[in-house]
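Worksheet for the structure shown next.
2 protein chains.
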Amino acid sequence: MRDLMSLAERPGIITLAGGFPDTESFPREKFDEIERVMAQDYLASLLQYGPTEGLRELREAICRVMAEEGARCDPDSVMVTTGGQQGIDLSIGTFVDPGDTILAEGPTYPGAVPTFTRYRAQVRHVPMDADGLIVDALEEMLDALDAEGVRPKLLYTIPNFQNPAGVTMSRERRVRLVHLAHDRELLLVEDNPYGQVRFEGEALPTLWELDQGAGWVVYLSTFSKILSPGLRVGWVAAPPPVLRKMNLGKQAADLCSSTMSQRFVVEYLRRFDYREHLAHVSGIYRSRRDAMLTALEEEFPAEATWSRPGGGLFLWATLPDFINTRELAARAIERHGVAFVPGGGAFCDGRGNNSMRLNFSGVSESTISEGVHRIGNAIGEMIELQKAFGGGE
Amino acid sequence: MRDLMSLAERPGIITLAGGFPDTESFPREKFDEIERVMAQDYLASLLQYGPTEGLRELREAICRVMAEEGARCDPDSVMVTTGGQQGIDLSIGTFVDPGDTILAEGPTYPGAVPTFTRYRAQVRHVPMDADGLIVDALEEMLDALDAEGVRPKLLYTIPNFQNPAGVTMSRERRVRLVHLAHDRELLLVEDNPYGQVRFEGEALPTLWELDQGAGWVVYLSTFSKILSPGLRVGWVAAPPPVLRKMNLGKQAADLCSSTMSQRFVVEYLRRFDYREHLAHVSGIYRSRRDAMLTALEEEFPAEATWSRPGGGLFLWATLPDFINTRELAARAIERHGVAFVPGGGAFCDGRGNNSMRLNFSGVSESTISEGVHRIGNAIGEMIELQKAFGGGE
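Residue numbers (the working numbering), protein chains in the order written: chain A, 266 to 658; chain B, 266 to 658.
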C-alpha cells in the first residue's frame, strides 16, 4: 500500500489510495502559539528522552479524549504509541507466537496485514455486512476452530467506520460480541482511529466500555485522524498487566515516542477544543464522501456495489467478479493517472480481488469526481477487454 | 533498564543509569528560528504522513553527516528510523528467525537485549579488551559454531565508544573484522550512535566504509546524541535490497517516523553547523567523564577496574566477584539515592553480575562526584557484609 502511495506522489496522479486526513486547514496561529509555549517552558524536556509509557500529562489527556466516546479509563491503563500502527504491532507482537491463529474482519485494515505476517500469525477472516462483523458467523467459526483444537489468540476489529469496508458495527452486535468474548475467553483488540470522525448518527459504545474492566479488550486509537498523523502519536489502553508486557515490547521497538510530538499534543489539547477542529474536518470529509458517492453512481458500472460510510475516511467498492482490481490498479495508475488500494491487500486468504478501497478524505471534491471518472474509464476498458477476449460462455 | 530509569526519576535520586545527553544547552533562539520556518513553509506537510523511508531532504542530510566520519553513502541507501532503537529492532526483525544464532559483544548494549529476546535470537557473546572486539576470538567462535553446524545470522557491534564497555575498536581490528566478514559471509550490523561524540584521538574508519559497498555491513546511527533524543530520529544505511525488506518491517511497525521531528532535523541541519553544538556538548561530557574517573579513583575499592572512554556517554566498572551489582543497585537506590545499570542486563548468558554501567553525560560534575561517592558507600557496606557473613575461606 505504501509503495502505491509513493507511486501516487508523481505529478498529475490523483490518489484515492492513501489514508491522508486533511492537514491544510490546521490554523497557523494555533501552531505558533503551541510552539511558543514549547520553546519557553519545555525546550530541554521535549528534546530529551521521555518515559516509555508516554508523558503523564498526555496519558491524562487521552483519558479525556476517550471519555468523549463514553470510554472510561485511567492514565495508568494507557501507553502512548508511535502512531496507531505501533499499537497494532505491539498488540500482535505481545500476544501472538509464530503459527498462532488470530481472527480479523474480512476485509481487514490493509496496513495490519504486514504486521500479521511479521509475527507469522495465521489469519481467519470473519465476514461482515452493513452492520459490521457478523457475530453469529464468529461464533460458528470459534466452534469450528475448537473442533480443530485451535484456540485463536485474539480478534482484531475496527467497530467504527471500518477500514476498509466503511461499515459500523451495530450496538446489538457490540453487546453480543463482548458477551461472546467473555464466554469464550477471546481477547478483543478494538482499533478505533475513526470513532470521532463521524458525519451521521450517534456514537455507539466502545467494546472497551462494554467490557466494564473485565480485561478482555485492548483498545487502540490515535491522534492521526483527530489532529495530525505527522506527529505519530497514538495510544493503547489495556489492563495494567497487559500494558507492562507491551511496555517491554515498546522499549525494544523504539524506547519512547517523539517527546516533541507528545508535548505538541498536550499543549494543543490544553489550549484548544479538538472537537471543533474535528467538526471542521469532518464537515469537509462529509462533502467529499458525498462527492464520491455521486461520482460512483455516475461512473461505475451498474453491477458494482459500495458502502455508504457515516464517518471515517474510506469506502469499499466491489466490481464484477471478472475484474481483478490489482490489474485494474496498474492500468488506472499507468494509463489514467489515478491510484486506489486493490482489495486483495485487505485479506490474508486471497480474497478481495474484485474489490477496492477508496479514500475520500485526502483530496477536493472536484478531484474526487475526476478520480472516480478515471477509474470508471479504466473499468470500462477492462469490461471491453473481457467482452473481446474473456469468458467461455 | 527503563524501569530503573523511572525509579530514578524520584526526587533526590542521582541517576547515573540513563543515557541522557545534555539538552539544557540547546539554544532557544535556534529552536525559535526553526519553528518559524516550519510554520511558514511546511505546516501542512509536517502534520501529514511522510514516506516510510523518510523525507528525501533528511536522507540527503544524513549522507552528509555520515561523510563527516568518512562513510560514503547515497540517499537511496538510507532509511529514517524512529530513533536508533528502531534500527536495531528492524535489523534483528529482518534477518533473524526464531531460534537463530547471532553474535554480539560481551557486554552488549543493554537496550538491544530485549530486542534480541523479542525475536528469539540465541546470542553468543564475543569478548572485548581495551581495543574493542577481539577478532581472533570471533574467528575461533565462528569455527566452533561451524563445527556445531550453526551459522550465525549477524554480528551486532558498536565499534566506537561501545555501550556499555566504553572501549573503541582499533583500526587494525576493524580492517580484520571486515575481511573476516567477507571471507565468512557474516553480516555486520554496525551501530554507531557515538562516533562523533569524541573527546580524544582521531576518527577511525567505519566498518561501512571498509566494506566498500560489498554489502556485508548494515549501518545504524541516530540524531539522539548529536542533536536530541526526544525527536526520535535515527537511520539505517544498507544495500537497497536489504533496505526494501526493512522498509516492509517499518511499514508494519509504525508506517513512518514523526514528520514534525524529521522536518525539525532538516531545518536545523540546513541552518546551523551541528558540529559546533556537538563540540560544545562533547566538551561538557569530557569534563564529566574526568569528574567520574577522579571520583572512581577516590571512592571505589582498590580491586575495582573501569574503562577510560575517549568519547561517548558510558563507562564500565567491574567490582570484586562477590559483589552482585543487581543487589548493589537495589541497595544503592533504596538506601543511598543513586541509580546505575547493573552489568547483568548487558549479557544474555548470565554474566556481568559484578559489573555496572555508569553514565557521565546526564548530570553535572558535582552530582557525578556525589553519585559515585554514594555508590562507593553502598559497595563498602556490601564488603562489610561479606566480611561478616560471606565467604567460606
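Each residue gets a CB set at the ideal place from its N, CA and C atoms; glycine is no exception.
{"Check": "Just the Cα atoms here: how many angstroms apart are residue 624/B and residue 320/B?", "Outcome": "33 Å"}
{"Check": "Please compile the residues from chain B whose C-beta is within a distance smaller than 9 Å of the C-beta of residue 365/A.", "Outcome": "In chain order: nothing, as chain B lies at least about 13 Å away."}
{"Check": "Secondary structure at residue 382/B, three-state DSSP: helix, strand or coil?", "Outcome": "helix"}
{"Check": "Provide the residue(s) that pair with residue 456/B in DSSP beta bridges, ordered along the chain.", "Outcome": "485/B"}
{"Check": "Along the stretch 368-386 of chain A, where does the CB come closer than 8 Å to a CB of chain B? Name the residues.", "Outcome": "376, 379, 380, 382, 383"}
{"Check": "Can you round the beta-carbon distance between residue 374/B and residue 357/B to whole angstroms, since I take them to be within the 8 Å contact cut?", "Outcome": "With 8 Å as the limit, residue 374/B and residue 357/B do not qualify as a contact, their Cβ atoms being about 12 Å apart."}
{"Check": "Can you name the residues that DSSP bridges to residue 370/B?", "Outcome": "391/B"}
{"Check": "Does chain B have any CB closer than 8 Å to the CB of residue 344/A?", "Outcome": "no"}
{"Check": "Can you confirm whether residue 657/A, when its beta carbon is compared against all beta carbons of chain B, has any partner nearer than 8 Å?", "Outcome": "With a pLDDT of only 44 at residue 657/A, under 50, the local geometry of the prediction cannot be trusted, and no value is derived from it."}
{"Check": "Please work out which residues of its chain come closer than 6 Å, Cβ to Cβ, to residue 353/B, disregarding the five sequence neighbours upstream and downstream, and give them in chain order.", "Outcome": "377, 380"}
{"Check": "Which class does residue 528/A belong to by DSSP, given the choice of helix, strand or coil?", "Outcome": "helix"}
{"Check": "Grab me the residues of residue 368/B's own chain with a C-beta within less than 6 Å of its C-beta, minus the 5 sequence neighbours each way, in chain order.", "Outcome": "389, 391, 417, 420"}
{"Check": "Short of 9 Å Cβ to Cβ, which residues in the stretch 307-322 of chain B face chain A?", "Outcome": "308, 309, 310, 311, 312, 313, 314, 315, 316, 317, 318"}
{"Check": "Is the stretch 453-463 of chain A touching the stretch 324-337 of chain A, taking contact as three or more C-beta pairs under 8 Å?", "Outcome": "yes"}
{"Check": "Give the residues of chain D in contact with residue 494/A, contact being defined as C-beta atoms less than 7 Å apart.", "Outcome": "Structure shown: chain D not included; protein chains present are A and B."}
{"Check": "Whose C-beta lies closer than 8 Å to the C-beta of residue 643/B among residues of the same chain, with five residues either side of it excluded?", "Outcome": "593, 596, 597, 600, 601, 603"}
{"Check": "Check whether chain A comes within 8 Å of residue 590/B, counting only Cβ atoms and requiring the distance to be less than that.", "Outcome": "no"}
{"Check": "Does the stretch 528-539 of chain B touch the stretch 559-573 of chain B, meaning 3 or more C-beta pairs lie closer than 8 Å?", "Outcome": "no"}
{"Check": "Go through its chain and collect everything with a Cβ distance to residue 527/A's Cβ below 7 Å, but skip five positions before and after it.", "Outcome": "315, 319, 320, 323, 345, 498"}
{"Check": "When DSSP labels each residue in this structure, what does residue 658/B get in the three-state scheme?", "Outcome": "The predicted model places residue 658/B with a pLDDT of 41, which falls under 50 and marks its position as unreliable; any figure quoted below should be read in that light. DSSP places residue 658/B in coil when its eight states are reduced to three."}
{"Check": "For residue 266/B, does the three-state DSSP call read helix, strand or coil?", "Outcome": "Its pLDDT being 48, under 50, residue 266/B is placed unreliably in this model, and the value from its coordinates should be taken loosely. Three-state DSSP puts residue 266/B in coil, outside helix and strand."}
{"Check": "Within this structure, are the beta carbons of residue 342/A and residue 494/A separated by less than 8 Å?", "Outcome": "no"}
{"Check": "For residue 324/B, does the three-state DSSP call read helix, strand or coil?", "Outcome": "helix"}
{"Check": "Can you tell me whether DSSP reads residue 511/A as helix, strand or coil?", "Outcome": "helix"}
{"Check": "Taking Cβ to Cβ, would you say residue 370/B is nearer than 8 Å to residue 393/B?", "Outcome": "yes"}
{"Check": "Which same chain residues, not among the five before or five after residue 467/B, have their C-beta less than 6 Å away from its C-beta?", "Outcome": "none"}
{"Check": "Look up residue 624/B in the DSSP assignment and give the residues it is bridged to.", "Outcome": "579/B"}
{"Check": "Which two residues bound the contiguous beta strand (DSSP E) that contains residue 421/B?", "Outcome": "420-422"}
{"Check": "Name the chain A residues that come within less than 7 Å of residue 348/B, Cβ to Cβ?", "Outcome": "519, 520"}
{"Check": "By the DSSP assignment, the alpha helix (DSSP H) with residue 302/B in it spans what residues?", "Outcome": "293-306"}
{"Check": "Roughly how many angstroms lie between the CA atoms of residue 406/A and residue 425/A, to the nearest whole one?", "Outcome": "22 Å"}
{"Check": "Roughly how many angstroms separate the alpha carbons of residue 639/B and residue 566/B, rounded to a whole number?", "Outcome": "13 Å"}
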